[in-house]
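Undergrad: Sequences listed follow chains A and B, in order.
Letter by letter, the first sequence follows residues 2 to 198 of this note's numbering.
Letter by letter, the second sequence follows residues 2 to 198 of this note's numbering.
Beta carbons are placed, not taken as given, at the ideal position from N, Cα and C, and that holds for glycine.
The structure under discussion is supplied below as structure tokens; questions concerning it will follow.
Number of protein chains: 2
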Amino acid sequence: MGNIKAIANGSKKDVILKKAAALFRLKGFKASSMRELALTIGVEAPSLYNHIVSKSELLQHICFSVANEFTLQLQEVELSKVSNTKKLEQLIRFHIKMMVHSFDEVYVANNEWKYLDEPYLSDFLKQRRVYENKMVQLVKEGILKKELKNVHPYVSVLTILSAVRGVEFWQRQKKDISVEELENNMVNQLLTGLTNI
Amino acid sequence: MGNIKAIANGSKKDVILKKAAALFRLKGFKASSMRELALTIGVEAPSLYNHIVSKSELLQHICFSVANEFTLQLQEVELSKVSNTKKLEQLIRFHIKMMVHSFDEVYVANNEWKYLDEPYLSDFLKQRRVYENKMVQLVKEGILKKELKNVHPYVSVLTILSAVRGVEFWQRQKKDISVEELENNMVNQLLTGLTNI
DNA sequence: TAACAAAACTAACGCTTATTAGTTTTTAAG
DNA sequence: CTTAAAAACTAATAAGCGTTAGTTTTGTTA
Numbered sequence: 002m003g004n005i006k007a008i009a010n011g012s013k014k015d016v017i018l019k020k021a022a023a024l025f026r027l028k029g030f031k032a033s034s035m036r037e038l039a040l041t042i043g044v045e046a047p048s049l050y051n052h053i054v055s056k057s058e059l060l061q062h063i064c065f066s067v068a069n070e071f072t073l074q075l076q077e078v079e080l081s082k083v084s085n086t087k088k089l090e091q092l093i094r095f096h097i098k099m100m101v102h103s104f105d106e107v108y109v110a111n112n113e114w115k116y117l118d119e120p121y122l123s124d125f126l127k128q129r130r131v132y133e134n135k136m137v138q139l140v141k142e143g144i145l146k147k148e149l150k151n152v153h154p155y156v157s158v159l160t161i162l163s164a165v166r167g168v169e170f171w172q173r174q175k176k177d178i179s180v181e182e183l184e185n186n187m188v189n190q191l192l193t194g195l196t197n198i
Numbered sequence: 002m003g004n005i006k007a008i009a010n011g012s013k014k015d016v017i018l019k020k021a022a023a024l025f026r027l028k029g030f031k032a033s034s035m036r037e038l039a040l041t042i043g044v045e046a047p048s049l050y051n052h053i054v055s056k057s058e059l060l061q062h063i064c065f066s067v068a069n070e071f072t073l074q075l076q077e078v079e080l081s082k083v084s085n086t087k088k089l090e091q092l093i094r095f096h097i098k099m100m101v102h103s104f105d106e107v108y109v110a111n112n113e114w115k116y117l118d119e120p121y122l123s124d125f126l127k128q129r130r131v132y133e134n135k136m137v138q139l140v141k142e143g144i145l146k147k148e149l150k151n152v153h154p155y156v157s158v159l160t161i162l163s164a165v166r167g168v169e170f171w172q173r174q175k176k177d178i179s180v181e182e183l184e185n186n187m188v189n190q191l192l193t194g195l196t197n198i
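Have a look at this one:
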């Protein structure tokens with residue numbers, strides 16, 4: 002039929018991973034068939050198995066490469082010598098940028114992780130829990146330093162992490178607003194609110 | 002094997018719908034089989050078809066009953082004679098309450114609507130678009146009345162609607178914080194922000 | 001050009017799926 | 001008790017799934 006075109010500096014597996022992320026995002030992991038994935042690549046389904054181990058492996062790779070990117074960025078932010086408010090702002094901006102530039106992958110990690118097999122499922126959830134707890138810690142410290150209002154730290158983190166996922170909807174009608182505008186508006190609403198006083 | 006126990010004031014179909022919402026929420030629509038649904042009800046899979054038309058019909062019913070509840074509440078809020086800020090607050094609180102009290106159904110409507118068949122899929126998306134646009138209008142008016150900051154209305158609505166979905170995470174560890182506390186904290190963060198000044 | 005490895009192909013397997021057909025059991029009314 | 005309807009059952013179907021086996025084509029190096 003055809004053959005898998007490797008992109009510059011990327012293996013054929015990378016091509017499969019990219020197409021898989023796009024398909025899984027669009028149709029969901031369970032509703033995406035290996036035959037359909039192969040079709041978007043221009044190859045027969047069994048040919049994929051010369052490059053990958055299984056369908057599950059694709060999901061694992063997508064979920065953990067996203068999780069690792071977030072974990073890495075969090076570690077970097079934690080080390081930086083700025084206020085806790087600024088740290089939270091940096092994280093919010095990073096989340097938005099990830100949603101914009103790696104939309105398929107982030108969406109899949111956010112919405113399809115439940116189809117991970119063990120032990121990957123437990124590992125993923127653990128990594129996410131650690132991430133959340135570290136953000137909660139940032140908020141707690143910000144409150145102690147009087148930078149932040151006396152909010153419930155966990156609810157605050159949960160609100161932030163959910164809010165940034167709203168970029169998903171922006172993806173569909175990105176025409177009339179730039180990434181910078183999106184980012185600034187979202188950061189402002191989360192940090193300083195919507196109302197005048 | 003068994004038989005479907007109708008709950009007080011509800012048909013057997015209602016029982017199936019309730020169990021379907023719970024299963025679809027937990028495993029996702031595509032990964033939920035009619036056999037497994039039947040098992041949770043205590044009946045063989047083909048027996049379900051004495052009460053329902055198809056698996057798709059279950060999803061349609063769940064999605065549209067949720068969508069209609071939100072649409073109805075929005076109409077009520079629009080008619081009330083309070084400030085636009087208060088209208089938005091009422092809507093946020095309603096979203097949180099729905100996430101708390103009809104979690105399975107709202108989650109399914111939020112996350113599994115893509116598996117709706119046509120023409121239901123288009124109808125659902127249209128109804129959601131209308132809902133979003135009406136919220137955008139509330140924000141626009143609030144800005145004109147100087148109640149609200151000069152934010153980008155669409156980004157603001159998208160942030161609010163995503164943020165309230167964060168209640169999903171609260172559902173897993175609801176022990177150490179009450180619904181009221183959750184609701185007040187989330188409303189405050191969205192309307193007045195996280196930072197001191 | 002010969003030889004070897006990589007990667008494509010076709011065919012098929014075993015399994016699961018939603019759903020239908022046909023039959024038996026349960027429930028409710030006269 | 002009889003009867004009719006409702007709702008359960010068993011068995012089976014056709015379609016789709018991820019994946020494997022075995023074979024052929026393609027690409028690379030000597």
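For A:M187 versus B:V156, is the C-beta distance shorter than 8 Å?
TA: In the first sequence, the residue the question calls residue 187 of chain A occupies position 186. In the second sequence, the residue the question calls residue 156 of chain B occupies position 155. Going by C-beta atoms, A:M187 is nearer than 8 Å to B:V156.
Undergrad: Between which residues of its own chain and A:K210 is the CB-CB distance below 7 Å, once the five residues before and five after are set aside?
TA: The structure shown does not extend to residue 210 of chain A, since chain A is modelled only from 2 through 198, so no value can be given for it.
Undergrad: For a minimum of 4 consecutive residues, which ranges assigned as the alpha helix (DSSP H) are wholly contained in the region 80-129 of chain B?
TA: Qualifying alpha helix (DSSP H) stretches, in chain order: 85-102 and 104-112.
Undergrad: Let me make sure I understand the geometry here. Which of A:W171, A:V152, A:F30 and A:K150 has the alpha-carbon closest to that of B:T160?
TA: Within the second sequence, residue 160 of chain B is the residue found at index 159, counting from 1. When each option's Cα is compared against that of B:T160, the closest is A:W171.
Undergrad: Taking Cβ positions only, does B:V156 come closer than 8 Å to chain A?
TA: Against the second sequence, residue 156 of chain B aligns to sequence position 155. It does; some Cβ of chain A falls within 8 Å.
Undergrad: Could you tell me which residues DSSP puts in a beta bridge with B:L149?
TA: Position 148 of the second sequence, counted from the first residue, corresponds to residue 149 of chain B. Per DSSP, A:T196.
Undergrad: Please identify the residue among B:N69, B:L40, B:I17 and B:V165 whose C-alpha is closest to the C-alpha of B:K127.
TA: Translated into positions along the second sequence, residue 127 of chain B becomes position 126. It is B:N69 whose Cα lies nearest to the Cα of B:K127.
Undergrad: Which of helix, strand or coil does DSSP assign to A:K56?
TA: Working through the first sequence from its first residue, we reach residue 56 of chain A at position 55. If DSSP states are grouped into helix, strand and coil, A:K56 belongs with the helices.
Undergrad: Using DSSP with H/G/I as helix, E/B as strand and the rest coil, what is A:F30?
TA: Translated into positions along the first sequence, residue 30 of chain A becomes position 29. Coil at A:F30, not helix or strand.
Undergrad: Could one say the Cβ of A:H102 lies closer than 8 Å to chain B's Cβ atoms, at least one of them?
TA: Counted from its first residue, the first sequence places residue 102 of chain A at position 101. No, A:H102 lies away from the interface with chain B (no Cβ there is under 8 Å from its Cβ).
Undergrad: Buried or exposed: A:R166, going by 16 or more other Cβ atoms within 10 Å of its Cβ?
TA: Numbered from 1 along the first sequence, position 165 holds the residue referred to as residue 166 of chain A. So A:R166 counts as buried.
Undergrad: Let me see if you follow: with CB-CB separation under 8 Å, is A:L149 close to chain B or not?
TA: Start at 1 with the first residue of the first sequence, and residue 149 of chain A comes out as number 148. Chain B contact via Cβ: present.
Undergrad: Would you please state the rounded distance, in angstroms, between the beta carbons of A:P154 and A:K135? I believe it to be under 8 Å.
TA: Residue mapping note: residue 154 of chain A aligns to position 153 of the first sequence, counting from 1. Residue mapping note: residue 135 of chain A aligns to position 134 of the first sequence, counting from 1. Not quite, the Cβ-Cβ distance comes to about 11 Å (not below 8 Å), so this is no contact.
Undergrad: At a Cβ threshold of 8 Å, is B:H153 touching chain A?
TA: Within the second sequence, the letter at position 152 stands for residue 153 of chain B. By this cut-off, B:H153 is an interface position.
Undergrad: Is B:F25 near B:V107, with beta carbons less than 8 Å apart?
TA: The count along the second sequence starts at 1 and reaches residue 25 of chain B at position 24. The count along the second sequence starts at 1 and reaches residue 107 of chain B at position 106. Against a cut-off of 8 Å, the Cβ pair of B:V107 and B:F25 comes out as no contact.
Undergrad: From the DSSP output, in three-state form, read off B:M2 for me.
TA: Residue numbering aside, residue 2 of chain B sits at position 1 when the second sequence is read from its first letter. Residue placement at B:M2 cannot be trusted, given a pLDDT of 44 that sits under 50; the coordinates are not used to answer.
Undergrad: Please classify B:Y50: is it buried, with 16 or more other beta-carbons within 10 angstroms of its beta-carbon, or exposed?
TA: Walking along the second sequence from the start, residue 50 of chain B turns up at place 49. Label assigned to B:Y50: exposed.
Undergrad: Within 8 Å (strictly less), CB to CB, does A:M2 reach chain B?
TA: On the first sequence, residue 2 of chain A is found 1 positions in, with the first residue counted as 1. Caution applies to A:M2, whose pLDDT of 45 falls short of 50 and renders its modelled position unreliable; the value that the coordinates give is listed next. So no, A:M2 is outside the interface.
Undergrad: Is it buried or exposed for B:L73, if we count other Cβ within 10 angstroms and need 16 for buried?
TA: Mapped onto the second sequence, residue 73 of chain B falls at position 72. It counts as exposed.
Undergrad: Residues of chain A with a CB under 8 Å from the CB of B:E45: which are they?
TA: Residue 45 of chain B sits at position 44 when you count from the first residue of the second sequence. The contacting residues do not exist; B:E45 stays about 24 Å from chain A at best.
Undergrad: Restricting to Cα atoms, I'd like to know which of A:K98, A:I42, A:K115 and A:E133 is closest to B:A32.
TA: Numbered from 1 along the second sequence, position 31 holds the residue referred to as residue 32 of chain B. Among A:K98, A:I42, A:K115 and A:E133, the Cα nearest to that of B:A32 is on A:K115.
Undergrad: Give a yes or no on whether the minimum CB-CB distance between A:S163 and chain B is below 8 Å.
TA: For the purposes of this step, residue 163 of chain A is identified with residue 162 of the first sequence, where counting begins at 1. By this cut-off, A:S163 is an interface position.
Undergrad: Indicate the three-state DSSP secondary structure (helix, strand or coil) for B:I178 in the structure shown.
TA: As a working mapping, residue 178 of chain B is identified with position 177 in the second sequence. Residue state, collapsed to three classes: coil.
Undergrad: Does A:G43 come out as helix, strand or coil in the three-state DSSP assignment?
TA: The residue labelled residue 43 of chain A in the question sits at position 42 within the first sequence. Three-state DSSP puts A:G43 in coil, outside helix and strand.
Undergrad: So B:M35 contacts chain A; which residues on that side make the cut at Cβ distance below 8 Å?
TA: Position 34 of the second sequence, counted from the first residue, corresponds to residue 35 of chain B. What B:M35 touches in chain A: nothing, since even the nearest Cβ is about 15 Å away.
Undergrad: Taking just the CA atoms, how far does B:L18 sit from B:L38?
TA: The count along the second sequence starts at 1 and reaches residue 38 of chain B at position 37. The count along the second sequence starts at 1 and reaches residue 18 of chain B at position 17. Approximately 10 Å between the Cα atoms of the pair.
Undergrad: Hey, A:V16 and A:I42: beta-carbon distance below 8 Å or not?
TA: Here residue 16 of chain A is taken as the residue at index 15 of the first sequence, counted from 1. Here residue 42 of chain A is taken as the residue at index 41 of the first sequence, counted from 1. Yes, the Cβ-Cβ distance between A:V16 and A:I42 is below 8 Å.
Undergrad: If you run the structure through DSSP and keep just helix, strand and coil, what is B:N51?
TA: Residue mapping note: residue 51 of chain B aligns to position 50 of the second sequence, counting from 1. Here B:N51 sits in coil by DSSP.
Undergrad: Ignore the nearest five residues each way along the sequence and tell me which others in A:V67's own chain have a CB closer than 6 Å to its CB.
TA: Here residue 67 of chain A is taken as the residue at index 66 of the first sequence, counted from 1. Contacts found: E106, V107 and A110.
Undergrad: Which same chain residues, not among the five before or five after A:L75, have their C-beta less than 8 Å away from its C-beta?
TA: As a first step, residue 75 of chain A is located in the first sequence; it is residue number 74 there, counting from the start. Hits under 8 Å: L92, Y132, K135 and M136.
Undergrad: Determine the chain A residues that contact B:E70 at a beta-carbon separation under 9 Å, and present them in chain order.
TA: As a position in the second sequence, residue 70 of chain B is number 69, starting the count at 1. Chain A residues near B:E70: none, gap ~20 Å exceeds 9 Å.
Undergrad: Buried or exposed: B:R173, going by 16 or more other Cβ atoms within 10 Å of its Cβ?
TA: Stepping through the second sequence from its first residue, residue 173 of chain B is reached at position 172. With fewer than 16 other Cβ atoms within 10 Å, it is exposed.
Undergrad: Given a threshold of 16 other Cβ atoms within 10 Å of its Cβ, counted over all protein chains shown, does B:V78 qualify as buried or as exposed?
TA: Locating residue 78 of chain B in the second sequence gives position 77, counting from the first residue. Counting Cβ neighbours within 10 Å, B:V78 comes out buried, since at least 16 surround it.
Undergrad: Measuring alpha carbon to alpha carbon, tell me which residue in B:A46, B:N85, B:R94 and B:L80 is nearest B:I144.
TA: Residue mapping note: residue 144 of chain B aligns to position 143 of the second sequence, counting from 1. Checked all of B:A46, B:N85, B:R94 and B:L80; the closest Cα to B:I144 is B:N85.
Undergrad: Starting from the C-beta of B:A9, find all residues in its chain whose C-beta is less than 7 Å away, skip the five residues before and the five after it, and write them out in chain order.
TA: For the purposes of this step, residue 9 of chain B is taken as the residue at position 8 of the second sequence. Here B:A9 scores only 45 on pLDDT, less than 50, and its place in the model is too uncertain to base an answer on.
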